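Undergrad:
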Amino acid sequence: MPSLFASYLRVYEPLTAFDRDRQSYWRRYVEQGRAVAPVEGPGRQRSSVIEALGAGWTRLPDLPDEAYVLETDESLLVCPWNLRIRVAEAALSARDGVPPVLADAFVPPVLAGQAKAVVDDWRSGARVLEHGVPRVHEQIATWGVPLRWFVLFEPQERHHVTAPHRRSLRFRTEISKARRRSSRALAVLRKSVGEAPITEAVEEAARWLEEFHPRSVVELDYGGLVELLSDETLAADDSPELVAAGLAGLARGEAEEASTAYDRLVARWRAVQLLERCN
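Numbering (UniProt numbering), first residue to last: 1 to 279.
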């Protein structure tokens, strides 16, 4: 299971992106007040997956459909958790690098086989064709924020809360804007650095965004990382600006300017990543 010190990239889709049964379900879900706030969601997800992966399981458990919800004056948008897929992925990850005897004791072969079938089916796109919904609405990164995520946002889209027990830092934007920004960044990177790892990473993010409804909203949430950073550090965080400055430098052919912005960004997030090794 990933650490609670994680960041999240989410897509909230309008109800029209779902089939009729799902639309009815999500409407009832909201009317009944069941929606979970993003600040509470990661802990709830973690508990659900850990409880579902108890020793001796012989089948994947049936988990309730949960989601984050955005309500606006014009529409209701939903970011499903896809917990069944999370459990399946966690079951397979729990077996990685573990001696077979221990792996079978914790995640029985029958459960592992079911988990692999669920993950393979999900990744194959069968569910997309069958149900008309994309694969995963939320990406998770532990102990940092992937630099490619910052490409999707601009500084004015940030929302910083400093109230006790409610500290958060988020960016939200329309998916159409995120797509345009990723497309522009991809063009600059292909021209300036070619098929480098960063180019491939941005391309992957751009492809992921194409799976969703054109009226969706994209959110970058610093999640539990805010507990590692002071209010002053969060207020001064200019990561999207540094990414934009680096791309602008590359577009003008000013490699030194681009390198300076990149080095500052990497140094900032490396300091957060190193906290994982603290005792």
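Built from N, CA and C at the ideal position, the CB exists for glycine as well.
Here the structure is a predicted model, which means the values were calculated and not measured.
Specify, as a first and last residue, the run of the alpha helix (DSSP H) that R190 falls within.
TA: 175-192
Undergrad: Tell me the rounded alpha-carbon separation between I198 and Y262.
TA: 11 Å
Undergrad: Can you check DSSP and say which residues form a bridge with S75?
TA: Paired residue(s): none; S75 is not in a bridge.
Undergrad: Could you check the C-alpha separation between S93 and E204 for me, to the nearest Å?
TA: C-alpha separation (whole angstroms): 22 Å.
Undergrad: Just how far apart, CA to CA, sit D121 and T260?
TA: 43 Å
Undergrad: Taking the beta carbon of L274 as the centre, do at least 16 other beta carbons fall within 10 Å, making it buried, or is it exposed?
TA: Exposed, since its Cβ has fewer than 16 Cβ neighbours within 10 Å.
Undergrad: Where do the ends of the beta strand (DSSP E) carrying V136 lie?
TA: Per DSSP, V136 belongs to no beta strand (DSSP E) and is neither H nor E.
Undergrad: Give a yes or no on whether the C-beta atoms belonging to Q23 and W81 are separated by under 8 Å.
TA: no
Undergrad: Taking the alpha-carbon positions, what's the L209 to W26 distance?
TA: 22 Å
Undergrad: I need the DSSP call for G249, collapsed to helix, strand or coil.
TA: helix
Undergrad: When DSSP builds the beta bridges, which residues end up paired with H159?
TA: R170
Undergrad: Distance check for P109 and Y222, CA to CA, integer angstroms please.
TA: 36 Å
Undergrad: Can you give the Cα-Cα distance for L265 and L147, rounded to whole angstroms?
TA: 8 Å
Undergrad: With the cut-off set at 8 Å, would you say G224 and P38 are in Cβ contact?
TA: No, the pair does not count as a contact, with Cβ atoms beyond the cut-off.
Undergrad: Mapping DSSP to helix, strand and coil, what is L229?
TA: Correct three-state label for L229: coil.
Undergrad: Would you say V11 and V202 are within 8 Å of each other, going by their C-beta atoms?
TA: no
Undergrad: Just to confirm the assignment, what range does the alpha helix (DSSP H) spanning D104 have?
TA: It spans 100-106 - the alpha helix (DSSP H) in which D104 sits, taken as one unbroken run.
Undergrad: Nearest to V118 by alpha carbon, out of R84, L76, G144?
TA: R84
Undergrad: Tell me which residue opens and which closes the beta strand (DSSP E) that R10 is part of.
TA: 6-14
Undergrad: At a cut of 8 Å, does the segment 147-164 reach the segment 250-259 through at least three beta carbon pairs?
TA: no
Undergrad: Helix, strand or coil for L152, going by three-state DSSP, please let me know.
TA: coil
Undergrad: Output the distance between the C-alpha atoms of R180 and L63, rounded to the nearest integer angstrom.
TA: Each residue's Cα considered, the two are about 36 Å apart.
Undergrad: Between residue 283 and E74, what straight-line distance do the alpha-carbon atoms span, to the nearest angstrom?
TA: Past the edges of the chain, shown from 1 to 279, lies residue 283, and the structure says nothing about it.
Undergrad: Quick check on the DSSP output: the beta strand (DSSP E) that includes L92 runs from which residue to which?
TA: No beta strand (DSSP E) holds L92; the alpha helix (DSSP H) holding it covers 83-95.
Undergrad: Alpha carbons only, please: which of K177, S192, F106, E227 is nearest the one belonging to A248?
TA: Selected option, being the one with the closest Cα: S192.
Undergrad: Need the endpoints of the beta strand (DSSP E) that L220 sits in, please.
TA: From DSSP, the beta strand (DSSP E) with L220 extends over 217-221.
Undergrad: With distances taken between CB atoms, is the gap from A112 to A91 smaller than 8 Å?
TA: yes
Undergrad: Which two residues bound the contiguous alpha helix (DSSP H) that contains Q32?
TA: No alpha helix (DSSP H) contains Q32, which DSSP labels as neither H nor E.
Undergrad: Quick check on K240: does DSSP put it in helix, strand or coil?
TA: Checking the displayed sequence, the identity of residue 240 turns out to be Pro instead of Lys. Three-state result, P240: helix.
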